[in-house]
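So the protein lines, in turn, are chains A and B.
If you read the first sequence in the numbering used here, its first letter stands for residue 1, the second for the next number, and so on.
If you read the second sequence in the numbering used here, its first letter stands for residue 339, the second for the next number, and so on.
Glycine included, C-beta positions come from ideal geometry on N, C-alpha and C.
Here's the structure, in structure tokens; my notes come after.
Protein chains: 2
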Amino acid sequence: MIIALDAMGGDNAPQATVEGAVLAAKSSNHKILLVGPEKLISGELLKYHKKYDVTSLDIEIINATEVIGMDEHPAKAVRQKKDSSLSVSAKLVADGKADACVSMGNSGAAMAAALFYLKRIDGVLRPAISTGFPTVNGSCIIADMGANADCKAEHLFQFAIMANIFCKKVIGIEKPKIGLVSIGEESTKGNELTLGAFKLMEKGKFNFIGNVEGRDIPKGKADVVICDGFVGNIILKFGEGLAEMMLKLIKKGFKDHPIAWASLPFLWFALSDLRKKVDYSEFGGAPLLGVDGVCLIGHGRSEAKAVKNAVFSAARAAEHDITNEIKEAIAKYGNISG
Amino acid sequence: MIIALDAMGGDNAPQATVEGAVLAAKSSNHKILLVGPEKLISGELLKYHKKYDVTSLDIEIINATEVIGMDEHPAKAVRQKKDSSLSVSAKLVADGKADACVSMGNSGAAMAAALFYLKRIDGVLRPAISTGFPTVNGSCIIADMGANADCKAEHLFQFAIMANIFCKKVIGIEKPKIGLVSIGEESTKGNELTLGAFKLMEKGKFNFIGNVEGRDIPKGKADVVICDGFVGNIILKFGEGLAEMMLKLIKKGFKDHPIAWASLPFLWFALSDLRKKVDYSEFGGAPLLGVDGVCLIGHGRSEAKAVKNAVFSAARAAEHDITNEIKEAIAKYGNISG
């Protein structure tokens, strides 16, 4: 697969993106198009020459002179900066020169660029951003995680169709359990939005397991968790904040009770699973579902390993042709509001 | 203060409620009305006689023959079971025979009983349930935590007025920082509901600090966190589930890495702050804000200590006359939708 990587996206770009590209190219047959200011990127790439023999790797630099910052207004930035690394990455997919694009940058701008260059899939009412979240027994994906603050029932229904396909094809779960985030297990519990979505999802051509409550998400009750982007964004960020709080309090506990210091080296072993679990670099990026081409967003704080995993996710999504799978599914049984 | 305690409410009733009443009466000047089947409760009370000299304590049993279960339909149960421990507790407040009532039972039924016997405060559009949540540097209160799944901007505005008073008077923070749960710090970020609520809250007669994101809640950015009951309920339950998941993974880590066992006794010290922090028994119950009388709901799994703390919270709320404070505030500047 040919993957266009926005070399300038994310807090640690271009170091992390370029190293991530090197790692990805080294351990796969994918060709990586590194998109960004040519001189800057080639200089960065040279740093890894000794260690990885960069010239032997299938990496090509595609020049793009502009950069979209993390705080820029998404739609405006994409409209104005046609030669930004993000826009050029999306264009490469639109022009058939890449099979997928990946960015660790401004996620709103990535969605705007995808909509501008790749367009929406016919019949998709609202594209969604879907992302991985750790659970006791593995992980689940949440859709939408923030692209759509206000949703209607039929939007949630389509999120379920699209995330089901991603989970099946890219994550490899044969019959993903699809849950609807609500405030009670019974079909009669919820708000207007989820009560309406429940009725649609009951009839969906996927494995709908009904409502899932807040506490069911980390328990791993569902493989795919459906909610509007407002709720999804709050769940994700709240989860991050809570995990940080717990680690801070554990640290404070050690500081306040010097007797506990003796346990530190041993504790390291005990916490290894937990650390791995909450490490977002394992999740491999968040796909934009419903745009006509494969586009993945990674965490803004991504280091090289997370970039590599995002490239691999994008390649898997392209290999399994999820764009066409979604097209067919939406055309067949997803177009309910006309 | 005279506090009516629903002796039959909660998973551990009547053991935990009766012992909680004993503990509360022993360490305060409050009179506790233990509401439930007379024989059962007096038998339970006798168990503590040796240890606490129960006859010297200011506890009175008020007979109530029926019990509302945790899974009963709230409004229906309250309508039908007029002699339930919960209904009689609320009636005692309505009749001026108690200053406040407390229940660890079915929270929906507690709200229904409060609305039925105490009524809504004039001008209050929707009463809310407010509850405590741990933060890095203390705790915050969240309103609404589940009473109102669908809200309008003016409901959230009134939640802020009421929770501000509770936080000031009962928790003792002079100028509580009030935050609106949203998906971005800027006033332009959010969904239709929060965009509208932001405009109202900007002009509120309280210390509005603007939007708070999911991760800001455990960071303790706000003392009072305002959201609709759908979002509040998901935050709370998700937080519970996530904390459980993290503890499970730590336990699994110890199981998988026997070398870490050596750290267990020391770890106990280090985790003491964290354990105390996530211990809901410290929070002392969730007030129903906007009903015409003080009514608190405790966690269904409450043990005696949590019951005692809920009784103390209710007494503080009654002492500070928060019902009249809320009445005045709503009449003065809370009645915006007529």
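Check, Outcome
"What are the residues that DSSP puts in a beta bridge with B:Gly470?", "B:Ile479"
"Taking the alpha-carbon positions, what's the B:His368 to B:Ala342 distance?", "10 Å"
"Keeping to the same chain, check which residues put their C-beta closer than 7 Å to that of B:Lys419; ignore five residues upstream and five downstream.", "Glu404, Ile406, Ser425"
"Let's test the definition: count the other Cβ atoms within 10 Å of the Cβ of B:Asp554 and tell me whether it reaches 16, buried, or not, exposed.", "buried"
"Identify, in the order they occur along the chain, each residue of the same chain with its Cβ nearer than 6 Å to the Cβ of A:Lys91, setting aside the five sequence neighbours on each side.", "Tyr117"
"Return the Cβ separation of B:Val562 and B:Cys633 in integer angstroms, given the expectation that the two are a contact with Cβ distance under 8 Å.", "Not a contact, Cβ separation roughly 19 Å."
"Is A:Asn211 helix, strand or coil by DSSP?", "strand"
"Any chance the segment 299-310 of chain A sits against the segment 11-28 of chain A, with 3 or more Cβ pairs inside 8 Å?", "yes"
"When the Cα atoms are used, what is the spatial distance from B:Glu657 to A:Lys219?", "42 Å"
"Counting only runs that start and end within the segment 147-185 of chain A, where is the beta strand (DSSP E) found for 3 or more residues in a row?", "177-181"
"May I ask you to list the residues that DSSP assigns as paired with B:Gly369?", "A small correction: the amino acid at residue 369 of chain B is Lys; Gly does not occupy that position in the sequence shown. Answer is B:Ile340, bridged to B:Lys369."
"Work out the CA separation of B:Ala345 and B:Leu372 for me, nearest whole Å.", "6 Å"
"Could you name the residues of the segment 247-258 of chain A whose beta carbon sits closer than 8 Å to any beta carbon of chain B, in the order they occur along the chain?", "Lys248, Leu249, Ile250, Lys252, Gly253, Phe254, Asp256, His257"
"What does B:Ile521 reach in chain A if we use C-beta pairs closer than 7 Å?", "Gly146, Ala149, Phe230, Asn233, Ile234"
"Would you mind giving the Cβ-Cβ distance between A:Ala143 and A:Ile226, rounded to the nearest angstrom? I have them listed as a contact below 8 Å.", "6 Å"
"Mind listing which residues of the segment 415-446 of chain B have their C-beta closer than 9 Å to chain A's C-betas, in chain order?", "none"
"Given B:Leu574, which residues of its chain have a CB within under 6 Å of its CB, disregarding the five upstream and five downstream residues?", "Met483"
"Closer than 8 Å is the cut-off here; do at least three beta carbon pairs connect the segment 151-161 of chain A with the segment 192-207 of chain A?", "yes"
"By the 10 Å Cβ neighbour count, where 16 or more other Cβ atoms means buried, how is A:Glu186 classified, buried or exposed?", "exposed"
"What residue does the alpha helix (DSSP H) around B:Pro352 start on, and which one ends it?", "No alpha helix (DSSP H) contains B:Pro352, which DSSP labels as neither H nor E."
"Going along chain A in order, which residues have a C-beta closer than 8 Å to the C-beta of B:Pro556?", "Phe238, Gly241, Leu242, Glu244, Met245"
"Got a sec? Which residues, its chain only, sit under 6 Å from B:Gly567 by beta carbon, not counting five neighbours each side?", "Asp482, Gly484, Ala485, Asn486, Ala487"
"Based on the DSSP secondary-structure assignment, which residues constitute the bridge partners of A:Ala286?", "A:Ile297"
"Give me the Cα-Cα distance between A:Val291 and A:Glu202, rounded to the nearest whole angstrom.", "25 Å"
"Which residues bound the alpha helix (DSSP H) around A:Ala109?", "107-113"
"Could you tell me if A:Arg79 is buried or exposed, where buried requires 16 or more neighbouring beta carbons within 10 angstroms of its beta carbon?", "exposed"
"So, helix, strand or coil for A:Arg126, using DSSP?", "coil"
"For chain A, find out if any of its Cβ atoms is closer than 8 Å to the Cβ of B:Gly638; answer yes or no.", "no"
"Candidates A:Ile183, A:Pro127, A:Val18, A:Thr131: which alpha carbon is nearest A:Leu115's?", "A:Pro127"
"Helix, strand or coil: how does DSSP classify B:Ala345 here?", "coil"
"Is it true that the CB of B:Met442 sits closer than 8 Å to the CB of B:Gly348?", "yes"
"Leaving out the 5 sequence neighbours to the left and right, which residues in its chain are closer than 7 Å to B:Gly676 when beta-carbon positions are compared?", "For B:Gly676, the predicted model reports a pLDDT of 42, less than 50, meaning its position is unreliable and no value from the coordinates is stated."
"Assign A:His49 to one of two classes, buried (16 or more other C-beta atoms within 10 Å of its C-beta) or exposed (fewer than that).", "exposed"
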